[in-house]
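Residue numbers (the working numbering): 4 to 380.
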């Protein structure tokens, strides 16, 4: 249990942590939200859809920002305690380093558990829901928002065009080209098309047209003439109309039980591997960043002793650890042998910070024994 001083430190550091987390998340969320503003201006979606799309990205922001906010909060509290000479008074009153660290350890463990929950469950669930929602938005965009006479790229390699609107909302003079799979290019031409809704799925029914399929490698092409042809607008990519969810959009259980025989999984196996291990590595950064902040300022200092150098060194180390983590994750994509490095980066930072804090304390008994042996051989 925490005593009065421990509760005071925990309360102060928690307020600082929440403030840093909220401010940093809000700033980054705002920049991300501006990128999606075309949902309102160009695609005609409601403010509710806009807030939902941008809000589903918040868990990923919290997961990434929380360790940094924890680092900032601990540095802020320790620096303030040092500046007001409170740490010196606490130390003189007999407060041991272990008891001083207890409230920070509680906050660090709570943050680590929160990041773990975000990384393993909330973030992939949010991206999965975001993918489904964006797919529906795109389908709605095709059927109701695309302006007549314009060629619109709805997805990378997917172009939609119609000449004008006819009676009862029918689209006249339709042109669709799907080049997402460069080995199988499909081009649709139709005199007209109408939309149909079946549950949550939207379809575009083409009337009196043709479908041309071509393979650039063999320069072969096949043309099929049809009276009626149905296209599922809610499905963009994948085999047999299935949505190819990206690694970050799949649950942790899906990543643990991958079907490596699936063509999409086989082609992106490195990314799936990196995503899986990143989800387990992310919580370690909260532990590491908290320990680095404690190692920098946990020792009492007088007002004449500078703290700027220690703060700057801690910031540089955190940046180096985080950048090294990104580099290790990139290596995991290329080679399974780099998985150990992915875990080693935050763990080395954690062990290094712990040794900086406790190493001298652990060495004192051994040094005293050596001195006693030298004096009394």
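Positions of the beta carbon are idealized from the N, C-alpha and C atoms, including for glycine. Given the structure is predicted, the values throughout are model-derived calculations rather than measurements.
Boundaries of the beta strand (DSSP E) in which residue i is found, first to last residue
| i | result |
| --- | --- |
| residue 168 | 161 to 168 |
| residue 178 | 174 to 181 |
| residue 248 | Per DSSP, residue 248 belongs to no beta strand (DSSP E) and is neither H nor E. |
| residue 184 | Unbroken run through residue 184: none, as it is neither H nor E. |
Selection from the options that minimises the alpha carbon distance to residue i
| i | options | result |
| --- | --- | --- |
| residue 109 | 188, 58, 17 and 160 | 17 |
| residue 191 | 179, 199 and 254 | 179 |
| residue 222 | 198, 112 and 186 | 186 |
| residue 314 | 74, 230, 6 and 132 | 74 |
| residue 312 | 296, 329, 116 and 250 | 296 |
| residue 342 | 59, 277 and 353 | 277 |
| residue 106 | 51, 52, 273 and 14 | 14 |
| residue 120 | 69, 154 and 152 | 69 |
| residue 214 | 231, 198, 199 and 206 | 231 |
| residue 152 | 160, 83, 115 and 174 | 174 |
| residue 334 | 324, 274 and 288 | 274 |
| residue 291 | 111, 125, 27 and 133 | 111 |
| residue 160 | 167, 184 and 169 | 184 |
| residue 57 | 102, 208 and 35 | 35 |
| residue 219 | 254, 182 and 234 | 182 |
Contact check, residue i vs residue j, beta carbons under 7 Å
| i | j | result |
| --- | --- | --- |
| residue 113 | residue 285 | no |
| residue 216 | residue 189 | yes |
| residue 269 | residue 356 | no |
| residue 33 | residue 72 | no |
| residue 267 | residue 247 | yes |
| residue 19 | residue 80 | yes |
| residue 63 | residue 282 | no |
| residue 59 | residue 132 | yes |
| residue 83 | residue 252 | no |
| residue 115 | residue 301 | no |
| residue 12 | residue 293 | no |
Residue i CB to nearest heavy atom of the ligand PLP below 6 Å
| i | result |
| --- | --- |
| residue 172 | You won't find the ligand PLP in this model; it holds no ligand whatsoever. |
Residue range of the alpha helix (DSSP H) that includes residue i
| i | result |
| --- | --- |
| residue 299 | 272 to 300 |
| residue 331 | 311 to 337 |
| residue 230 | No alpha helix (DSSP H) contains residue 230, which is instead part of the beta strand (DSSP E) from 223 to 235. |
| residue 261 | Segment: none, residue 261 is in no alpha helix (DSSP H) and carries neither H nor E. |
Segments assigned alpha helix (DSSP H), at least 4 residues, entirely inside the segment 21 to 81: The segment 21 to 81 contains these whole alpha helix (DSSP H) runs: 41 to 44 and 50 to 58.
Using 8 Å as the threshold, is the segment 321 to 334 in touch with the segment 348 to 357, meaning 3 or more CB pairs across them? Counting Cβ pairs under 8 Å, three or more are found: they touch.
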